[in-house]
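Engineer: Residue numbers (the numbering used here), protein chains in the order written: chain Z, 1 to 642; chain Y, 1001 to 1473.
Ideal Cβ placement from N, Cα and C applies to all residues, glycine included.
Take this structure, written in structure tokens, and hold onto it; I'll ask about it next.
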Amino acid sequence: MTIVKEKFDVVIIGAGHAGCEAALACARLGLETIVFTMSADNIAFMPCNPHIGGSSKGHLVREIDALGGEMGKNIDKTFLQSKMLNTSKGPAVHSLRCQADKMEYSKEMRKVLESQDHLHIKQAEVSEILFEEVSDELKREGYNNKIVGVKIFSGIIYEAKAVILCTGTYLKSRCLTGEAITYSGPNGLLPSNLLSDSLISAGIELRRFKTGTPARMDGSTIDYSKMSEQFGDTPVVPFSFDTDPKDVQRPQVSCWLTYTNEKTHEIIKANIDRSPIYAGIIEGVGPRYCPSIEDKVVKFPDHERHQVFVEPEGTFTNEMYIDGMSSSLPEDVQIAMYRTVPGLENCRIVKNAYAIEYDCLCPGQLHPTLEIKTTRGLFSAGQFNGSSGYEEAAAQGLYAGINAAMQILDKESLYIDRSEGYIGVLVDDLVTKENLEPYRMMTSRAEYRLLLRQDNADIRLRQKGYEIGLISEDQYNKLQTKIALIDKEVSRLKETVVGANATIQKFMEKVGTPTLKTATSLAELICRPELSYESIKEIDPDRRPLPDDVIEQVEITIRYEGYINRQERQVEQFKKLEKKKIPADINYDDVGSLRLEARQKLQKFRPTNIGQASRIGGVNPADVSVLIIYLDSLHRGNADEK
Amino acid sequence: MSRVLSTFSNDTICAIATAMSDAGIGIIRVSGPKALSICNTIYVSSQKEHTLLSHKPNSIRFGYICDGDEIIDEVMISYMKAPHSYTMEDVIEINSHGGMLVMNRILNLLLQTGCRMAEPGEFTKRAFLNGRIDLTKAEAVMDIISAQNNFALESSKSQLQGKLSTKIKELREKILYEMAFIESALDDPENYDLTGYSQKLRSIIIPMRNEICTLIESSDEGKIRKDGIKTVIVGKPNAGKSSLLNALTGDERAIVTDIAGTTRDVIEETVRLGDIVLHVIDTAGIRNTEDIIEKIGVDKAKSKIEEADLILYILDSTSETDNEDKEIIELCKSKKTIVLLNKNDLSDNIKITEDIVRMHFSGSSNEHLPIIRTSMLKGNGLEELKDAISDLFFNGDIVHKQEIYITNLRHKDLLSKAGNSLELVLDSIEKNLSEDFYTVDLTGAYEALGEILGEEIGDDLVEEIFSKFCMGK
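Rendered as structure tokens:
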């Protein structure tokens, strides 16, 4: 057949949560973009749990939104229930979580992609990536080859300046339910069996991970009277900074809570040898944070029960997702096991629980831009990078999409460091650490957590989104107004002092706080645990009405000032190390005094700056000192030559 | 993380800059922007009206290092103003004559008043980065940093064998568990409930903080019990055992009287003779006794001899040896022993000579038995004793012991940091802050303790969360 060539700027492989964000970012920046999917009817499909957000993941969604991504807006349109988690804790760990209508979520995202200029959707399996030799200059930067496009199964070639791999769990995937193995992608969708070999032949190292999902039940066979009902919040806080809160106050759907018991655990223990993991059939490494019910029972034998959340899959179906009971046990064991749970005694399974294995990347091969170090123009994002979760995928998709675009447009790449966002922590952890299992975001991974709140994601990142070109002038001006209002109000509260007069003391007694010994600023009063911005309204007559999001920032800024300042000082130190760049062509064999272990690790990860080098396991502070001296001597040497 | 960060800031650092020799002269070097002002807070000039702030650069001054009202040492202080110093920063050098103990106290004061302990090779590193050392020496600088770090790590680890390291590991494990619990509850709030947890955490933190305080106190100068030579003083009643101990410790810890059998129990004390650390056990006089209380002491004494590295056998040279002495000599024969012929000032009444002692020891492993004439009353013979111990244990060379004290102080500094962090956790609980704030300072304590063990931070927390808590919504 004749070779047909199509020309695009960017090819995205996969239209899941990573692929959609990557495609939208590139197209919105004016690049001709094509996104390949195994099934155009399953764009932004949610093959596992039916929710978006949750602890630390909610932060990611807010950051995606701040940078100009789509996830937050799409879930605001399609949620069934919304809840802000951890409201009794500090603001840094408040996290928004929404139950999604899976079908609506997918349909809405498809609409957004279809109506986006420069963006094309194509249902086809990409079978090969195409690359060519690189110039000597690029070789010095560490590239072995350069991407020129992809070939699809039919043989047609799509030329591109950049390719972004967002293949999720589809590469050579297989699903396991006990002894029954299906060679398919999630939910019976087609797997992608050809691309892995092409990547390996390009010198890219792959590995095998696994994850799992619980059964979906026929809702009409569930007895909800035996479970406790879980409601959403009123009022609802939207995910997107651009969504008008008025638009998200709508009726919500409940979830249900029940528990496993001794009987459940007995059935599991009696059949554990039939689990593909315990029988040794599964080769892939699974995540410990999302264990199957059999893992929970084996690893935590002293737990008498485990929580089970029963969540709706959407309004298009009565299927219910049995959260907390993912499994790869055989179907007969699954039926018996689920039926021991109160409320599920008569349940009928619509879709079995299964484990899925897939090929993915060892992400140490990535630059902090999510470009593969050896192949110029080849980027990757999402589950292919060894992460898990829709939000982690979307965040990387956006990040990789932006950086592919920046490379083509010859602009400075986007870099978010660990002190600027959870996205920065996510990317840095992926590219710097030995990740031995699918990576999930957690707030404990963010050392500057008090600064990286979901409430201030816009203040932290919109500027970057604006500079890239994904945030409009209007959105940007709106943010600037907000920041100005916050600053002004914080100063006013610090400068406004109330005297210890009779009216004030009477107020203090009324609200149950110690009376004043001396004149005190309103800001100091807000810091008292029993007082708040709202509660001191009476003694603050000059107050002007302000939007809720401004008040929230004012209150956090004042109340947590001490902690925030402490973290900001740590960040200053941290930034110093991040600024010390390591040249791409450094030869670690030239750095004489490095210990062997450190030398090997540095060779392997090839960090871009001293900060990143210091975070690599096996590189100790003395090694970092040695490296600094070496870089300084290089620098001085060059200066001498000139 | 924190350790790496601290190494690259331009704060003010200090360290003992010279190997400690027998002469006991040493230099403490302070470098950084606050060198002058920090040293000024612990310095009192011999001419009262002067402070260091009026100190002329590149000159030397005489004065005192003081801890509050207490004078710690007479010192010479030299000041080199940036950029005319080794590191090209403001540098103060404190010349002390007080020996290791005093120098450690001075270093301690500097750490309390705002200095940071220099990382291995850090002065040299600063000298290089500030352009003082030229490019051709870069290789050598890297070697120094690398070598010093390895040495410091080695000596740090070697000191941590035993109880201290077990204790620190235990504390760390407890802290990590609580951190992981909090983080699990923050990550999966519908599964782990934190109601009432802050008071529980408080009851866990308080004893830990107290333990750390105890550790800090136990590492105080003059009480460092580890790495000392286990020494037992033996001798008949009233030969001068307690006087010897007092001469070594410099205070009246053991009661000295003329009545035989005053020292009723075993007294333990750690003392330094120059650079030698002795872990001294004074025993009740070995004597066949019917006195029940004293009998307990005597039995203990015999068992202590079994454990000892060194026996100081003190004899009253004015009274002849008898069966009791023979019994003691039997006990000493298989041990490294130094014989002290005491009361040597009463020279007209000498009944025991070196030859007599050697005769009694003949046939034992103590062929070259050191015998020293002393007078505890006059304080004679202590120098000779020190030399004898040095010969017996270090081939006369004790310079290498130097690093140990410095790393000790580093340990102490880190323990203080850990203690302060725990204090801040208690403060956050007191202020009713929510649980996510506790982990900020718990992490601080965990990292400081980890640094003592030379352990990397890594992904301990995430590991702990997954291994101890069942996550999984």
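Under three-state DSSP, which class holds Val4 (chain Z)?
Structural biologist: DSSP places Val4 (chain Z) in coil when its eight states are reduced to three.
Engineer: Please determine, among Y:Gly1450, Y:Asp1322 and Y:Glu1464, the residue with the shortest C-alpha to C-alpha distance to Arg445 (chain Z).
Structural biologist: Looking at the Cα atoms, Y:Glu1464 is the closest of the given residues.
Engineer: Where does Thr264 (chain Z) land, buried or exposed, given buried means 16+ other C-beta within 10 angstroms?
Structural biologist: Thr264 (chain Z) should be labelled buried.
Engineer: Measure the C-alpha to C-alpha separation of Pro235 (chain Z) and Lys57 (chain Z) and round it to an integer number of angstroms.
Structural biologist: Rounded to the nearest angstrom, the two C-alpha atoms are 21 Å apart.
Engineer: Assess, as a yes-or-no matter, whether the region 394-413 of chain Z is touched by the region 137-155 of chain Z under the definition of 3 or more beta carbon pairs within less than 8 Å.
Structural biologist: Cβ pair count under 8 Å is below three, so no.
Engineer: Using a beta-carbon distance below 8 Å, is Gln454 (chain Z) in contact with chain Y?
Structural biologist: Answer no: the Cβ-Cβ gap between Gln454 (chain Z) and chain Y never drops below 8 Å.
Engineer: If you measure between the beta carbons of Lys1230 (chain Y) and Leu1310 (chain Y), is that distance less than 8 Å?
Structural biologist: Yes. Within cutoff.
Engineer: Can you give me the start and stop residues for the beta strand (DSSP E) that Tyr1079 (chain Y) sits inside?
Structural biologist: Start and end: Glu1070 to Met1080.
Engineer: Which whole runs of the alpha helix (DSSP H) in the region 367-426 of chain Z are 4 residues long or more, in chain order?
Structural biologist: Correct list: 390-408.
Engineer: Three Cβ pairs or more, each shorter than 8 Å: is that satisfied between the region 470-484 of chain Z and the region 74-85 of chain Z?
Structural biologist: Not touching, per the Cβ criterion.
Engineer: Can you pull the DSSP bridge partners for His120 (chain Z)?
Structural biologist: Answer is Z:Ile34, bridged to His120 (chain Z).
Engineer: For chain Y, find out if any of its Cβ atoms is closer than 8 Å to the Cβ of Asp417 (chain Z); answer yes or no.
Structural biologist: Taking Cβ atoms only, chain Y never reaches closer than 8 Å to Asp417 (chain Z), which makes this a no.
Engineer: Taking only beta-carbon positions, decide if Asp1011 (chain Y) is within less than 8 Å of chain Z.
Structural biologist: By this cut-off, Asp1011 (chain Y) is not an interface position.
Engineer: Which bits of chain Z does Cys1470 (chain Y) rub up against, with CB to CB less than 8 Å?
Structural biologist: By Cβ distance, chain Z contributes Pro291, Lys296, Lys299, Phe300, His303 and His306.
Engineer: Report yes or no: do three or more beta-carbon pairs, one from the region 117-124 of chain Z and one from the region 324-341 of chain Z, lie closer than 8 Å?
Structural biologist: No, the region 117-124 of chain Z is not in contact with the region 324-341 of chain Z.
Engineer: Taking the alpha helix (DSSP H) that Met325 (chain Z) falls in, what are its first and last residues?
Structural biologist: From DSSP, Met325 (chain Z) is part of no alpha helix (DSSP H); its letter is neither H nor E.
Engineer: Assess contact between the region 562-582 of chain Z and the region 455-471 of chain Z, defined as three or more Cβ pairs (one per stretch) separated by less than 8 Å. Is contact present?
Structural biologist: Touching, no.
Engineer: Can you tell which of Z:Gly401, Z:Ala400 and Z:Gly382 has its C-alpha closest to the C-alpha of Glu392 (chain Z)?
Structural biologist: When only C-alpha atoms are compared, the closest one is Z:Gly382.
Engineer: For Ala180 (chain Z), write down the residues that DSSP places opposite it in a beta bridge.
Structural biologist: In the DSSP output, where bridge partners are listed per residue, Ala180 (chain Z) has Z:Thr177.
Engineer: Are Ile1106 (chain Y) and Ile1065 (chain Y) touching if we call contact CB-CB under 8 Å?
Structural biologist: It is a contact, given that the beta carbons lie within the stated cut-off.
Engineer: Using a Cβ-Cβ distance under 8 Å, would Met442 (chain Z) count as near chain Y?
Structural biologist: Output row for Met442 (chain Z): interface = yes.
Engineer: With Asp76 (chain Z) and Val297 (chain Z) assumed to form a contact (beta carbons below 8 Å), what rounded beta-carbon distance in angstroms separates them?
Structural biologist: Not really, about 38 Å apart at Cβ, beyond 8 Å.
Engineer: On a CA-only basis, which of Y:Leu1111, Y:Ala1118 and Y:Ala1445 is nearest Ile1145 (chain Y)? Give me that one, please.
Structural biologist: Nearest C-alpha to Ile1145 (chain Y): Y:Ala1118.
Engineer: Work out the CA separation of Tyr170 (chain Z) and Ala202 (chain Z) for me, nearest whole Å.
Structural biologist: Their Cα atoms are separated by approximately 19 Å.
Engineer: Which same chain residues, not among the five before or five after Phe645 (chain Z), have their C-beta less than 8 Å away from its C-beta?
Structural biologist: This structure cannot settle anything about residue 645 (chain Z), because the visible part of chain Z is limited to 1 through 642.
Engineer: Sort out for me which residues DSSP pairs Glu1093 (chain Y) with in a bridge.
Structural biologist: Bridge partners of Glu1093 (chain Y): Y:Arg1029 and Y:Ser1078.
Engineer: Helix, strand or coil for Met1117 (chain Y)? Go by DSSP, reduced to three states.
Structural biologist: Looking at Met1117 (chain Y) - three-state DSSP - the assignment turns out to be strand.
Engineer: Going by CA-CA distance only, name the one from Z:Gly68, Z:His303 and Z:Met46 that's closest to Asn261 (chain Z).
Structural biologist: The shortest Cα separation from Asn261 (chain Z) among Z:Gly68, Z:His303 and Z:Met46 belongs to Z:His303.
Engineer: Applying the criterion that 16 or more other CB atoms from any shown protein chain within 10 Å of the CB defines a buried residue, is Thr1124 (chain Y) buried or exposed?
Structural biologist: Answer is buried; the Cβ neighbour count reaches 16.
Engineer: To the nearest angstrom, how far is it from the Cα of Val253 (chain Z) to the Cα of Glu32 (chain Z)?
Structural biologist: Cα to Cα, the separation comes out at about 40 Å.
Engineer: Could you tell me whether the Cβ atoms of Asn1342 (chain Y) and Leu1315 (chain Y) are closer together than 8 Å?
Structural biologist: Yes; because the gap between Cβ atoms is below 8 Å, this pair is in contact.
Engineer: Using three-state DSSP, classify Cys1039 (chain Y) as helix, strand or coil.
Structural biologist: Note: Cys1039 (chain Y) maps to helix in three-state DSSP.
Engineer: Mind checking Asp487 (chain Z): buried by the 16 CB within 10 Å criterion, or exposed?
Structural biologist: Looking at its Cβ environment, which holds fewer than 16 other Cβ atoms inside 10 Å, Asp487 (chain Z) is exposed.
Engineer: Quick check on the burial criterion: 16 or more other C-beta atoms within 10 angstroms. Buried or exposed for Pro547 (chain Z)?
Structural biologist: Result: exposed.
Engineer: Name the chain Z residues that come within less than 9 Å of Glu1183 (chain Y), Cβ to Cβ?
Structural biologist: Met442, Thr443 and Ser444, listed in chain order.
Engineer: Determine which residues of the region 79-91 of chain Z have a Cβ less than 8 Å from any Cβ of chain Y, and write them out in chain order.
Structural biologist: For the region 79-91 of chain Z, which is checked against every Cβ of chain Y, the residues closer than 8 Å are Leu85, Asn86, Ser88, Lys89 and Gly90.
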